[in-house]
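Novice: Before anything else, here's the structure in question.
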Amino acid sequence: MPFLAVIWNPDEGKSTAAAHDIEQHIARHAPHAAVHPVGRGCSLYGLAAEGNGNAILPFAGKNGCGAIFGKVFSRGPSFGARVPLKSLDADAVPILANRGERLITDYWGAYVAFLDSGDGLTVLTEPTSSLPCFYCTRMGVTLVFSHLEACPLPD
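Sequential numbering from 0 applies to the sequence shown in numbering that gives the first Met the number 0.
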């Protein structure tokens, strides 16, 4: 279940141009990648082979938007099989209001969250970090990824 996020400052010309070049390269070399914009200046790509379940859960609220890569479950008493959530829109406002603290207290799972609350982007891994999450910055663009070998990046 590999992912890649491309993050840049949309008000800065050089990083915007570099991000655009990277995104075009991804589109050419990984046409199967599921892309979800996360606010201004962030695109999240699910890189699983087509049909293998790119687990991206986008959500939006009045104070911003976000997307989660992975699987998220509600906390609470249950003894049956758990099914990953299909939507977080009802909790988007409190999740974004505290930069994801609500995700840690009210949900569990294996995920990396990308949260844009209007005053900057937050990248949050779940407490056990069961999904790999690495990052690097190149040409003013921050790349956040799970498996470098799966990322269709230019040289």
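Yeah, the Cβ is synthetic: ideal placement off N, Cα and C, and Gly gets one too.
Small disclaimer: the values here were computed from a predicted structure and weren't measured.
Just curious, the alpha helix (DSSP H) that Leu-142 is in, first and last residue?
Specialist: What you label residue 142 is simply residue 143 of the sequence shown in a count that begins at 1. Careful: Leu-142 lies outside any alpha helix (DSSP H), inside the beta strand (DSSP E) at 140-144.
Novice: Relative to the C-alpha of Asn-62, which residue among Leu-152, Lys-85, Gly-99 and Leu-46 is closest?
Specialist: What you label residue 62 is simply residue 63 of the sequence shown in a count that begins at 1. Answer by Cα proximity: Gly-99.
Novice: Using a Cβ-Cβ cutoff of less than 7 Å, which residues in the same chain neighbour Leu-95 once the five nearest sequence positions on both sides are dropped?
Specialist: In the sequence shown, counting from the first residue as 1, residue 95 sits at position 96. Excluding residues within five positions, the ones whose Cβ falls inside 7 Å are Gly-60, Asn-62, Gly-63, Gly-65, Leu-114 and Ser-116.
Novice: Report the rounded CA-to-CA distance for Ala-29 versus Met-138, giving the unit in angstroms.
Specialist: Within the sequence shown, residue 29 is the residue found at index 30, counting from 1. Within the sequence shown, residue 138 is the residue found at index 139, counting from 1. Using only the alpha carbons, I get a separation of about 21 Å.
Novice: What do you reckon, are the CB atoms on Tyr-110 and Arg-74 nearer than 8 Å?
Specialist: One-based indexing of the sequence shown puts residue 110 at position 111. One-based indexing of the sequence shown puts residue 74 at position 75. No, the pair does not count as a contact, with Cβ atoms beyond the cut-off.
Novice: In three-state terms, what does DSSP make of Arg-137?
Specialist: Here residue 137 refers to the residue found at position 138 of the sequence shown. Strand at Arg-137.
Novice: Name the DSSP beta bridge partners of Pro-36, please?
Specialist: Residue 36 sits at position 37 when you count from the first residue of the sequence shown. Beta-bridge pairing links Pro-36 to Ser-42.
Novice: Could you check how far apart the C-beta atoms of Cys-135 and Leu-3 are, in whole angstroms? I think they sit under 8 Å.
Specialist: Translated into the one-based positions of the sequence shown, residue 135 becomes position 136. Translated into the one-based positions of the sequence shown, residue 3 becomes position 4. No, Cys-135 and Leu-3 are not in contact; Cβ-Cβ is about 11 Å, not under 8 Å.
Novice: Can you check whether the CB of Ile-55 is closer than 8 Å to the CB of Gly-45?
Specialist: What you label residue 45 is simply residue 46 of the sequence shown in a count that begins at 1. What you label residue 55 is simply residue 56 of the sequence shown in a count that begins at 1. Cβ atoms of Gly-45 and Ile-55: closer than 8 Å.
Novice: Roughly how many angstroms separate the alpha carbons of Pro-1 and His-146, rounded to a whole number?
Specialist: Counted from its first residue, the sequence shown places residue 1 at position 2. Counted from its first residue, the sequence shown places residue 146 at position 147. Roughly 6 Å separates the two Cα atoms.
Novice: If you follow the alpha helix (DSSP H) that Pro-93 is in, where does it begin and where does it stop?
Specialist: Numbered from 1 along the sequence shown, position 94 holds the residue referred to as residue 93. Per DSSP, Pro-93 belongs to the alpha helix (DSSP H) from 91-96.
Novice: Could you check what DSSP says for Asp-115 in three-state terms: helix, strand or coil?
Specialist: Position 116 of the sequence shown, counting from 1, holds the residue named residue 115. Here Asp-115 sits in strand by DSSP.
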